[in-house]
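Chemist:
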């Protein structure tokens, strides 16, 4: 009987450490805020898949009238079996900075403005090899045909940048505050190493592992495991995406406050086409929200 009883005796708690620096400056009537940080995460816990192949006997059964069937062992056959275990396998390094600039109120229109933006970078690493499941849509008779590719451990970098411009208009006579926000996704890009596209080996249908010494993209058994640069850049943002929101709040007799929010105010639906030809619509449809507050 095959039994798998994993233990977590070697599992360590995940840990992280961060350093953050911030500064606030007064530029005439403008307020400028600067924030920068560096965060390290280690011993991240994840589920690691362990592919094994177990040799089991094969049988044939012959039916006998009014008697038990005759069962005869005809040989042995390898069968795929997958194990899962928890492991301290992940680590990451995250850096970034953010800038916020607030303007004074323009008395003629009772409006103040706020602008913010940031740039962030994250490096992801893992210790265990990466597995890619590319099960064929048709049954291949080649016993050495690759079903699951094994690649080098994760080593990629992600970059993200966004910006926001908001205005706040206060109308005292109506006890009304109107806030308008424009958001911009400027950068969202993942950078992988070139070697991460080439498999180190692969598993067959029965989880037999076959190493690859000199990868050949034309090999009929494993050539389909090659990952193209277009596949790796599938989630990259090719252009700036904007979205717009509105919030209206009114105070009634200083006891009641009613707020109404609209996200994606103009139902703006930009889209882009990924390298694989898929259409992506990053903005959600307009959503609405209301809030009522009472002071006792």
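In the numbering used here, the protein residues as written are 278 to 573. For every residue, glycine included, the Cβ atom is placed at its ideal position computed from N, Cα and C.
Are residue 521 and residue 457 close, meaning C-beta to C-beta below 9 Å?
Modeler: Closer than 9 Å, so yes.
Chemist: From the DSSP output, in three-state form, read off residue 393 for me.
Modeler: In this structure, residue 393 counts as strand in the three-state DSSP scheme.
Chemist: Pull up the distance between the alpha-carbon of residue 544 and that of residue 459, whole angstroms please.
Modeler: So the two alpha carbons sit approximately 13 Å from each other.
Chemist: Would residue 423 and residue 322 be called neighbours here (beta carbons separated by less than 9 Å)?
Modeler: Not in contact: residue 423 and residue 322 (Cβ atoms no closer than 9 Å).
Chemist: Just how far apart, CA to CA, sit residue 335 and residue 552?
Modeler: Their backbone Cα atoms lie some 46 Å apart in a straight line.
Chemist: What residues match up with residue 421 in a beta bridge as DSSP calls it?
Modeler: In the DSSP output, where bridge partners are listed per residue, residue 421 has none listed.
Chemist: Unbroken beta strand (DSSP E) runs of length 3 or more, entirely within the stretch 412–489: which are they?
Modeler: With a minimum length of 3 residues, the continuous beta strand (DSSP E) runs that stay inside the stretch 412–489 are 425–428, 432–448, 453–469, 478–480 and 486–488.
Chemist: Please go through the same chain and pick out, in chain order, the residues whose beta-carbon is closer than 8 Å to the beta-carbon of residue 406, but skip the five residues on each side of it.
Modeler: 427, 428, 429, 430 and 477, listed in sequence order.
Chemist: By how many angstroms is the C-alpha of residue 391 removed from the C-alpha of residue 383?
Modeler: Residue 383 and residue 391: Cα-Cα distance of roughly 12 Å.
Chemist: Looking at C-beta atoms only, is the number of pairs between the stretch 530–543 and the stretch 499–512 that lie closer than 8 Å three or more?
Modeler: The answer is no - the stretch 499–512 does not touch the stretch 530–543, with fewer than three Cβ pairs under 8 Å.
Chemist: For residue 514, which of helix, strand or coil comes out of DSSP?
Modeler: Reduced to three states, the DSSP call for residue 514 is coil.
Chemist: DSSP three-state label for residue 500, please.
Modeler: Helix at residue 500.
Chemist: Taking the DSSP output, what are the residues bridged to residue 334?
Modeler: The partner list for residue 334 (beta bridge, DSSP) reads 353.
Chemist: Of all the options 449, 385 and 425, which has the alpha carbon lying nearest to the alpha carbon of residue 475?
Modeler: The candidate whose alpha carbon is nearest that of residue 475 is 425.
Chemist: Looking at C-beta atoms only, is the number of pairs between the stretch 371–386 and the stretch 308–316 that lie closer than 8 Å three or more?
Modeler: Because the criterion of three Cβ pairs below 8 Å is met, the stretch 371–386 and the stretch 308–316 touch.
Chemist: With which residues is residue 287 paired in a DSSP beta bridge?
Modeler: Note: residue 287 sits in no beta bridge, so no partner.
Chemist: Identify every residue that forms a DSSP beta bridge with residue 370.
Modeler: Looking at the DSSP assignment, residue 370 forms a beta bridge with 317 and 400.
Chemist: Since residue 576 sits in a beta bridge, which residues does DSSP pair it with?
Modeler: The structure shown does not extend to residue 576, since the chain is modelled only from 278 through 573, so no value can be given for it.
Chemist: Do you know whose CA, among 481, 469, 358 and 312, lies nearest residue 574's CA?
Modeler: Given that the chain is displayed from residue 278 to residue 573, the structure contains no residue 574 and the question cannot be resolved.
Chemist: Could you pull the start and end residues of the alpha helix (DSSP H) that residue 507 belongs to?
Modeler: Its alpha helix (DSSP H) spans residues 506–509.
Chemist: Is DSSP giving residue 301 helix, strand or coil here?
Modeler: It is a strand residue.
Chemist: Helix, strand or coil for residue 566, going by three-state DSSP, please let me know.
Modeler: If DSSP states are grouped into helix, strand and coil, residue 566 belongs with the strands.
Chemist: From residue 359 to residue 287, what distance separates their C-alpha atoms?
Modeler: Between residue 359 and residue 287, the C-alpha separation is close to 21 Å.
Chemist: Could you check how far apart the C-beta atoms of residue 466 and residue 436 are, in whole angstroms? I think they sit under 8 Å.
Modeler: Correct: roughly 5 Å between the Cβ atoms.
Chemist: Would a C-beta distance cut-off of 9 Å place residue 325 and residue 363 closer than the cut-off?
Modeler: Taking 9 Å as the Cβ cut-off, residue 325 and residue 363 qualify as a contacting pair.
Chemist: Kindly identify the DSSP beta-bridge partner or partners of residue 378.
Modeler: Beta-bridge pairing links residue 378 to 309 and 392.
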